[in-house]
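Student:
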Amino acid sequence: MSVIWRKEWLFEFESPWSVFEKLTLVNLADRNELLRYFGNDKIQNVKHNVGDKKRELMELRSFNEELLHQTFKINLKEHNNHIIQSLIKPFHGLYRSWEHWFYKDLHWCEYCLSGGYHSWFHQFKLFDECVFHECRLINSCPKCRAKIPFLLTNKQLDHAFMCKCGHFLAYLHSSSWNEWRGPEHLDQTILRWLQNSDDNKIQFKWIIHAQHCNLKSLIKASPEETLEYDDSDPIQQNQYFSSPFQNELLRVCSAAYQRVEEELLTTVLEEHRHCISQLMELKKADELAEFPTICPYAYAYVFWKKSLLNKEYFYCDTMCRTVDNDSFYRGPFIIRDHLEYFADQIVSHQMRSEGGINQNALFWVLKKIVAQFSANFFIDWLRVAGERSVEASVPQWNEIEQIRDNSFPNIAIKYIKCGNSSSSSIEFYHLDEIQSGSKWKCPHQDRHNKDAIQSMKSFTPQKIAILVMSNPNEENLKLQKSVDKYVKRLSF
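For this note's numbering, count along the sequence shown from 1 and bump the result up by 2.
1. For a quick check, are the C-beta atoms of F497 and L284 less than 7 Å apart?
2. From E403 to S4, what does the alpha carbon distance come to, in whole angstroms?
3. How would you call A499, buried or exposed, if buried means at least 16 neighbouring beta carbons within 10 angstroms?
4. Who pairs with A212 in a beta bridge, going by DSSP?
5. Less than 7 Å between the C-beta atoms of Q158 and A148, yes or no?
6. Tell me A414's beta-bridge partners as DSSP assigns them.
7. Compare the C-alpha of E356 against each of C297, E342, S426 and name the closest.
8. Helix, strand or coil: which one does DSSP assign to F152?
9. Okay, do the stretch 411-418 and the stretch 183-201 touch, 3+ Cβ pairs below 8 Å being the bar?
10. Compute the Euclidean distance between the alpha carbons of L217 and F104, then round it to the nearest angstrom.
11. What's the gap between the Cα of N400 and the Cα of R406?
12. Give every residue of the same chain whose Cβ lies closer than 8 Å to the Cβ of F170, excluding the five residues on either side of it in the sequence, and list them in chain order.
13. Can you give the Cα-Cα distance for S245 and K452, rounded to whole angstroms?
14. Do you know how far the Cα of C111 is from the Cα of H175?
15. Rounded to the nearest angstrom, what separates W306 and F316 at their Cα positions?
16. With contact counted as at least three CB pairs below 8 Å, one residue from each stretch, are the stretch 288-303 and the stretch 248-256 in contact?
17. L229 lies in the beta strand (DSSP E); which residues open and close that run?
18. From what residue to what residue does the alpha helix (DSSP H) around L220 run?
19. What does a CB cutoff of less than 6 Å around A373 pick up in its chain, not counting 5 residues either side in sequence?
20. Determine the burial state of H50: buried for a count of at least 16 other Cβ atoms within 10 Å of its Cβ, exposed for fewer.
21. Whose CA, out of D339, I278, Q361, C318, lies closest to the CA of I455?
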């Protein structure tokens with residue numbers, strides 16, 4: 003196979019995906035042909051279909067490095083490695099694999115791709131906008147909404163730069179190669195960030211979550227708060243894993259959530275306590291009456307709390323005041339994985355740099371994460387409460403997980419070592435704009451409705467079960483069936 007290529011067609015920060023698409027275009031070649039041509043011995047020995055793992059474009063493990071160099075007049079593997087390392091170096095050690103930092107599906111900028119250019123910046127999870135054009139990145143075909151794998155593959159692709167559905171991701175012709183463009187002006191703050199990541203004189207460590215940090219915002223942000231601490235008397239790792247310390251960790255997270263709950267109950271929910279009582283105690287006028295329309299604020303609070311704490315039931319027999327018994331020492335289990343990730347990263351860094359764990363620093367970070375998430379999570383529950391409270395319905399669990407992911411704050415933690423002293427500091431960066439809660443009309447705010455709720459009876463499943471056990475007549479069985487049906491509509 004004879005391959006046509008010019009060195010000037012490969013641009014700075016370019017990913018192999020657009021390189022191979024241009025190669026497909028000018029050579030009228032099939033992507034499988036290119037894989038067979040550039041593949042190393044492992045590819046040549048595959049007699050049937052080549053799997054996705056051998057088509058990856060990040061490390062190019064299945065490609066013949068010498069042949070790539072000979073064709074592109076540049077070491078494509080080194081070109082890849084240099085860009086990737088520049089992007090992830092400030093966060094070295096957070097993940098074992100590069101794959102955590104980059105999308106598996108193609109993300110692209112329509113303006114860049116119109117010139118045949120796709121960048122590693124587009125695949126990097128810490129950017130949701132094109133760093134050259136400041137426009138939102140596209141992650142699926144605009145016509146059929148299909149995802150396009152970031153691989154050298156014909157899956158979901160037809161001709162070069164064309165989706166299987168016939169939609170052109172870019173209108174390019176092999177004869178218009180002289181119009182192919184590279185990157186335009188790169189934001190200088192991003193460029194300086196990449197350059198400063200090579201400065202080893204500054205002793206600092208970034209801790210972020212790849213799904214919950216926007217690098218462009220981080221580069222321009224100032225710390226929300228800074229904690230200075232003395233690391234001269236740290237605890238050891240075996241103490242960290244002990245039951246007493248883990249219980250204290252749970253208590254700290256529980257207390258952080260409870261402070262948010264207390265603030266909600268004394269501010270936005272202050273005028274809706276009777277509504278919360280009605281929903282949690284399943285109150286209605288009598289056995290034959292329908293359950294009243296749910297107040298959206300009560301709805302948001304009750305299901306925020308149920309999902310946050312992973313409670314089995316949303317109802318209880320008596321109104322839970324500021325903190326109910328079953329939530330004491332109960333942490334926000336819905337983000338347990340996130341909290342464990344940040345705790346593990348903090349502990350690992352402290353063990354390496356300080357030889358032990360400063361529990362005050364660890365608790366300080368986790369409290370801020372729990373508090374910010376809990377507040378965001380309530381705002382997002384309030385957003386869905388308007389329609390759902392009228393319907394008396396709840397989202398499916400996968401929808402709640404999406405709400406959780408949207409609610410988790412974009413944050414960054416920066417550890418700074420102060421020279422040769424025992425003093426260190428932590429900077430906490432909150433990268434989201436302040437959210438405001440939705441405004442809804444409560445159906446129970448007038449005096450008549452408030453008094454009516456006060457006189458209502460509670461019909462929780464436990465009470466009805468006891469009633470049926472003592473007197474299993476037709477009326478009680480019918481009541482039990484109607485209550486169970488209502489509760490089922492509000493269960494997840």
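Yeah, the Cβ is synthetic: ideal placement off N, Cα and C, and Gly gets one too.
Tutor: On the basis of the data shown:
1. Residue numbering for the chain in the displayed model covers 3 to 494; residue 497 lies beyond these limits and cannot be assessed.
2. 51 Å
3. Outside the shown range of the chain, which is 3 to 494, sits residue 499, and nothing can be said about it.
4. Paired residue(s): none; A212 is not in a bridge.
5. Contact: yes.
6. Y431
7. S426
8. coil
9. no
10. Take the alpha-carbon of L217 and the one of F104: they are about 13 Å apart.
11. Cα to Cα, the separation comes out at about 10 Å.
12. If we look at F170 and ignore the five residues flanking it on each side, its Cβ neighbours are F163, M164.
13. Here the alpha carbons of K452 and S245 stand approximately 46 Å from one another.
14. Computed Cα separation, rounded: 19 Å.
15. 10 Å
16. no
17. 227-232
18. 217-222
19. A258, V262
20. exposed
21. I278
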